[in-house]
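Numbering (my numbering), first residue to last: 2 to 260. Where is the CB? At the ideal position from N, CA and C, for every residue including glycine. Values in this document were obtained by computation on a predicted structure and should not be read as measured data.
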Amino acid sequence: MEGTKRLITSPKQKLLQTFVCDDCHQYVSQTELTIPSGPRAGERIVANYGCRCEDIKLAEAAKRKQSQLKQGKLMHKFNYYSLINNSLRDATLENFHSSDSDLKHSKEKALSYIQTFDGKQNLLFTGNYGTGKSHLSVSITKKLMEQGYECLFLSLPKLLTKIKQTYNTKGVTEDELLEEIRRVDLLALDDIGAEQQTEWTTSKLFEILDDRTGKATIYTTNLTSNELKEHVNERNFSRMMDNTNVIVMNGTDYRRRAF
Ligand SMILES: Nc1ncnc2c1ncn2[C@@H]1O[C@H](COP(=O)(O)OP(=O)(O)O)[C@@H](O)[C@H]1O
Ligand SMILES: [Mg+2]
Ligand SMILES: [Zn+2]
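Below you can see the structure in the form of structure tokens.
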């Protein structure tokens, strides 16, 4: 403040006008200065003291950069930990074809889940093979990641295999893997029921579900609700059904539709 006043009263400067900037709403002293030395000595320039527009622009650019970096890191994590099929890597809501009304309905439910995402609500996609359950789940995680949420898409059978591998290889440990699963805003747990059913898998699944109590999870399964209850056991099933919207997708296998 003092500095500004001194500049205005200095003989090399002339206060032209004062006004409130339309953009930054700051009180601006528009001042004409004469460059005192150097190659441009004697040249007159006009400076807007007090205007914060330039600062705001720089801050916004820094913020954008920051969020791009964050997004990059998230993408990295997503790729690193995600045991995602090639056929699903490119899946998005945009390339999900919804020719019939059932598919449209499922897509709308996925959209509404994104729009009302509160970090708590769960989804269960159920239905026969190849109907786009995983496709929609991946798409949801991608959209929410664009919004800055941390998401993971994991196939349960592959995850369980991966956990077993951590026991006898270096690299990521089981704790790190589970910590990541616990931490993310949204976990998509794909293909529940396709894992081998053993006491170990049942208790691992319970551990995962228990860790995520109160946090959003998307489940997909080819099993009916009775089959699922039977497969994952009653306790896991009731965890999965707590605060969960069910989307039934019983269409034709997408990959066979052309025939
Ligand atoms: N409606 C759809 N529009 C575009 N691609 C689809 C659609 N449904 C399924 N697919 C594609 O077909 C394949 C099988 O779908 P997927 O989501 O894995 O089936 P599900 O999980 O129900 O068994 C994937 O490659 C997916 O991208
Ligand atoms: Mg699937
Ligand atoms: Zn301004």
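Span separating the alpha-carbon of residue i from that of residue j
i, j, result
"T5", "K108", "Its pLDDT being 46, under 50, T5 is placed unreliably by the model, and nothing is read from it."
"I164", "F238", "21 Å"
"K159", "R65", "35 Å"
"K205", "L178", "12 Å"
"R257", "G131", "9 Å"
"I209", "E175", "12 Å"
Own chain partners of residue i with C-beta closer than 6 Å, once the 5 adjacent residues on each side are dropped
i, result
"M242", "none"
"I193", "L157, Y220 and T222"
"S99", "K105 and K108"
Candidates the options: closest to residue i by CA position
i, options, result
"L125", "R240, K64 and R53", "R240"
"K15", "S38, N223, V47 and L179", "V47"
"H106", "E228, G133 and T225", "G133"
"N227", "P40, D119 and T127", "T127"
"S221", "E196, R90, E200 and T202", "According to the sequence provided, residue 221 is Thr. The question's Ser does not apply to it. Ranking E196, R90, E200 and T202 by Cα distance to T221 puts E196 first."
"R90", "F154, L104, I209 and T19", "F154"
"Y114", "L145, N129, T162 and K71", "L145"
Own chain residues within Cβ distance below 8 Å of residue i, not counting five before or after
i, result
"N244", "K121, Q122 and N123"
"L17", "Q31, T32, E33 and V47"
Own chain partners of residue i with C-beta closer than 7 Å, once the 5 adjacent residues on each side are dropped
i, result
"R236", "F207"
"K143", "T93"
"V247", "L125 and T127"
Checklist entry - Unbroken alpha helix (DSSP H) runs of length 4 or more, entirely within the stretch 36-100: which are they? => result With a minimum length of 4 residues, the continuous alpha helix (DSSP H) runs that stay inside the stretch 36-100 are 54-82 and 87-90.
Item to check | Any 3 or more C-beta pairs closer than 8 Å across the stretch 128-142 and the stretch 183-200 | outcome: The way I'd put it, the stretch 128-142 does touch the stretch 183-200; three or more beta-carbon pairs between them come closer than 8 Å.
Checklist entry - Touch check for the stretch 165-175 and the stretch 214-225: three-plus C-beta pairs under 8 Å? => result no
Checklist entry - Taking contact to mean at least 3 C-beta pairs separated by less than 8 Å, is the stretch 54-69 in contact with the stretch 15-34? => result yes
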